[in-house]
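S.K.: To start, I am sharing the structure in question, which I have written as structure tokens.
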Ligand code: NAD
Ligand code: TYD
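Residue numbers (the numbering used here): 5 to 368.
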């Protein structure tokens, strides 16, 4: 039995992980620590009444120490972060505060409770990103765990710094850590600032689909439930002090993802006439192709061209492999957003509209 502290458990991946863990590990204690920033949402944990929810900040070291003690926590799974590259370009300081200083605070608390205090068996699992490795050319080999760090955005630089802190706390103090670096996630509960949910919701409202630059940037798309299985594999079979890359085996240019999305929305409207009444502004409601909304806009500054994951180590050591193709994962995701209109309407508030204006108004 595990007593687990999940930081950022009310965010996209954290909430999916809490649902996954509750489903597969009944009886474990789960404590969620989340500051409920714009990206955090209690509704993401609806139905999980036996999960303890603590509204607080990972930078509050005393609070983290209290939670580790009160709940006899033996495992931390650390998701809490500022996670959006575009926001990091507009406001980098918050990324250093949360991602670097927040991780330092957690490590400090874990060290004082687990090493100086109880001395009990423990695990600190740090969730990071493939973006720490920088960008690849079209023919470069995919990122492996030994690829040199070369972060290019304020977001990826702050995540890289946090990875280095976790590594140092293992080597210097003997904290039992594992870090996973995953590729672009998609699936239920993703905040509609990231590519897939933003474009889906724009498509339903007949709003432009703003494609940065030439749309030929490549990402490896990982369904969030496969990511959760990858973290589970790290927790159960990962070697202490190691890092593991987790990918989705779906390396695709953005334009391919967007064309898949447009075709899937068209097909959904064709199959279900009720959608035209629910979303009358969608081109698909008028028999027009969703692809007519595609709009090329000014590129993201410093936009990384290609990410790709070499998952040999996770496959060989952990037995990890993604279970879904992109087509399967995307179809399920579209179904979830269509079935959960209330969820996304509730979070598209004034601050969301302000963000959209900040990020898109000045793009030609
Ligand atoms: P998200 O932005 O959806 O959620 C982040 C959560 O952290 C929110 O619930 C927020 O309230 C919480 N949080 C933020 N600052 C906090 C603080 N100071 N104290 C406590 N809670 C705080 O992020 P996500 O997409 O779910 O990403 C989770 C983790 O996975 C992040 O560490 C991110 O870097 C990493 N990651 C994400 C992706 C992706 O595609 N989304 C890919 C690779 C790695
Ligand atoms: P995003 O979901 O922000 O993830 P990341 O930047 O972490 O990879 O973006 C995925 C890709 O989609 C990335 O190449 C940027 C691109 N993109 C657009 O073209 N338009 C958009 O409005 C957004 C949000 C992203």
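Note that CB positions come from ideal geometry on N, CA and C, so glycine has one too. In this text, all values refer to a predicted model and were calculated from it rather than measured experimentally.
How would you write the range of the beta strand (DSSP E) that residue 230 sits in, first residue to last?
M.R.: Here residue 230 refers to the residue found at position 226 when the chain shown is read from its first residue. Element bounds for residue 230: not the beta strand (DSSP E) but the alpha helix (DSSP H), 228-241.
S.K.: From what residue to what residue does the alpha helix (DSSP H) around residue 163 run?
M.R.: In the chain shown, the residue the question calls residue 163 occupies position 159. Residues 158-177.
S.K.: Can you say whether residue 244 is buried or exposed, counting buried as having 16 or more other CB atoms within 10 angstroms of its CB?
M.R.: Within the chain shown, numbered from 1, the residue matching residue 244 stands at position 240. Classification for residue 244: exposed.
S.K.: Please name the residue, chosen from 130, 159, 72, that lies closest to residue 138 on a Cα-to-Cα basis.
M.R.: Taking the chain shown and counting its residues from 1, the one referred to as residue 138 is at position 134. If we check each option's Cα against that of residue 138, 159 comes out closest.
S.K.: Taking the alpha-carbon positions, what's the residue 72 to residue 170 distance?
M.R.: Here residue 72 refers to the residue found at position 68 when the chain shown is read from its first residue. Here residue 170 refers to the residue found at position 166 when the chain shown is read from its first residue. Rounded to whole angstroms, residue 72 to residue 170 spans 18 Å at the Cα level.
S.K.: Give me the Cα-Cα distance between residue 406 and residue 321, rounded to the nearest whole angstrom.
M.R.: The chain is shown only over 5 to 368; residue 406 falls outside these bounds and no answer can be derived.
S.K.: Alpha carbon to alpha carbon, how far is residue 90 from residue 365? Give it in angstroms, no decimals.
M.R.: In the chain shown, residue 365 corresponds to position 361, counting from 1. In the chain shown, residue 90 corresponds to position 86, counting from 1. When rounded, the distance between both Cα atoms is 13 Å.
S.K.: Determine the closest residue to residue 129 out of 239, 116, 68, with distance taken between C-alpha atoms.
M.R.: The residue given as residue 129 occupies position 125 in the chain shown. Considering only alpha carbons, the answer is 239.
S.K.: Where do the N-terminal and C-terminal ends of the alpha helix (DSSP H) with residue 205 fall, by residue?
M.R.: Along the chain shown, read from residue 1 onward, the residue named residue 205 stands at position 201. Segment 199-209, the alpha helix (DSSP H) holding residue 205.
S.K.: Measuring straight from C-alpha to C-alpha, what distance separates residue 304 and residue 216?
M.R.: As a working mapping, residue 304 is identified with position 300 in the chain shown. As a working mapping, residue 216 is identified with position 212 in the chain shown. Spanning the two alpha carbons is a distance of roughly 6 Å.
S.K.: Residues in its own chain within less than 6 Å of residue 266 by CB, not counting five upstream and five downstream?
M.R.: Residue mapping note: residue 266 aligns to position 262 of the chain shown, counting from 1. Taken in chain order, the residues that qualify are 294, 295.
S.K.: To the nearest angstrom, how far is the alpha carbon of residue 351 from that of residue 202?
M.R.: As a working note, residue 351 is residue 347 in the chain shown. As a working note, residue 202 is residue 198 in the chain shown. C-alpha separation (whole angstroms): 12 Å.
S.K.: Considering Cα atoms alone, identify which of 281, 368, 126 is closest to residue 6.
M.R.: Along the chain shown, read from residue 1 onward, the residue named residue 6 stands at position 2. The shortest Cα separation from residue 6 among 281, 368, 126 belongs to 126.
S.K.: Tell me where the beta strand (DSSP E) around residue 355 begins and ends.
M.R.: For the purposes of this step, residue 355 is taken as residue 351 along the chain shown, with counting starting at 1. No beta strand (DSSP E) contains residue 355, which is instead part of the alpha helix (DSSP H) from 354-364.
S.K.: With 16 as the cutoff for other CB atoms within 10 Å, does residue 191 come out buried or exposed?
M.R.: For the purposes of this step, residue 191 is identified with residue 187 of the chain shown, where counting begins at 1. Per the 10 Å Cβ criterion, buried.
S.K.: Starting from residue 16, follow the alpha helix (DSSP H) in both directions and report where the run begins and ends.
M.R.: Here residue 16 is taken as the residue at index 12 of the chain shown, counted from 1. Per DSSP, residue 16 belongs to the alpha helix (DSSP H) from 16-28.
S.K.: Going along the chain, which residues of its own chain have a beta-carbon closer than 7 Å to the beta-carbon of residue 106, five neighbours each way excluded?
M.R.: Taking the first residue of the chain shown as position 1, residue 106 is located at position 102. So the qualifying residues of the chain are 62, 63, 84.
S.K.: Measuring alpha carbon to alpha carbon, tell me which residue in 353, 308, 98, 342 is nearest residue 270.
M.R.: Taking the first residue of the chain shown as 1, we reach residue 270 at position 266. Of 353, 308, 98, 342, the residue nearest in Cα terms is 342.
S.K.: Please classify residue 45: does DSSP put it in a helix, a strand, or coil?
M.R.: Residue 45 sits at position 41 when you count from the first residue of the chain shown. It is coil, neither helix nor strand.
S.K.: Output the residue ranges of the alpha helix (DSSP H) runs that lie fully inside the segment 77-141 and measure 4 residues or longer, sorted by chain position.
M.R.: 89-94, 106-114
S.K.: With C-beta atoms as the reference, is residue 34 less than 8 Å away from residue 231?
M.R.: The sequence position of residue 34 within the chain shown is 30, counting from 1. The sequence position of residue 231 within the chain shown is 227, counting from 1. Contact flag unset, no.
S.K.: Going by alpha carbons, who is nearest to residue 247 out of 317, 221, 260, 199?
M.R.: If you number the chain shown from 1, residue 247 lands on position 243. It is 317 whose Cα lies nearest to the Cα of residue 247.
S.K.: Starting from the Cα of residue 31, find the closest Cα among 186, 54, 348, 41 and give me that residue.
M.R.: The residue labelled residue 31 in the question sits at position 27 within the chain shown. Checking every option, the nearest Cα to that of residue 31 belongs to 54.
S.K.: Does the beta-carbon of residue 272, which I'm using as the reference point, lie nearer than 7 Å to any heavy atom of ligand 1?
M.R.: For the purposes of this step, residue 272 is taken as the residue at position 268 of the chain shown. Incorrect: residue 272 has no Cβ contact closer than 7 Å to ligand 1.
S.K.: Where residue 49 and residue 14 are concerned, what is the direct C-alpha to C-alpha distance, given to the nearest angstrom?
M.R.: Sequence index remark: in the chain shown, residue 49 carries index 45 (1-based). Sequence index remark: in the chain shown, residue 14 carries index 10 (1-based). Taking the straight line joining both Cα atoms gives about 7 Å.
S.K.: Would the beta-carbon of residue 198 be found less than 7 Å away from any heavy atom of ligand 2?
M.R.: Stepping through the chain shown from its first residue, residue 198 is reached at position 194. Yes.
S.K.: Using CA coordinates, which residue listed in 161, 149, 110, 81 is at the minimum distance from residue 97?
M.R.: Locating residue 97 in the chain shown gives position 93, where the first residue counts as 1. Cα-wise, what sits closest to residue 97 is 161.
S.K.: In this structure, does DSSP put residue 257 in helix, strand or coil?
M.R.: For the purposes of this step, residue 257 is identified with residue 253 of the chain shown, where counting begins at 1. DSSP places residue 257 within a strand segment (E or B) once states are collapsed to three.
S.K.: To the nearest angstrom, how far is the alpha carbon of residue 179 from that of residue 223?
M.R.: As a first step, residue 179 must be located in the chain shown, where it is residue number 175. As a first step, residue 223 must be located in the chain shown, where it is residue number 219. If I take the Cα positions, the gap works out to 33 Å.
S.K.: Below 8 Å between beta carbons: does that hold for residue 285 and residue 210?
M.R.: Reading the chain shown from its first residue, position 281 is the one you call residue 285. Reading the chain shown from its first residue, position 206 is the one you call residue 210. Yes, these two residues count as a Cβ contact at 8 Å.
S.K.: Measure the C-alpha to C-alpha separation of residue 370 and residue 280 and round it to an integer number of angstroms.
M.R.: The structure shown does not extend to residue 370, since the chain spans only 5 to 368, so no value can be given for it.
S.K.: Measure the beta-carbon distance from residue 226 to residue 189 and round it to whole angstroms, keeping in mind my assumption that it falls under 8 Å.
M.R.: Along the chain shown, read from residue 1 onward, the residue named residue 226 stands at position 222. Along the chain shown, read from residue 1 onward, the residue named residue 189 stands at position 185. A Cβ-Cβ distance of about 5 Å is found for the pair residue 226 and residue 189, placing them in contact under the 8 Å criterion.
S.K.: I'd like the span of the alpha helix (DSSP H) that includes residue 334, first residue to last.
M.R.: For the purposes of this step, residue 334 is identified with residue 330 of the chain shown, where counting begins at 1. Unbroken alpha helix (DSSP H) run through residue 334: 330-343.
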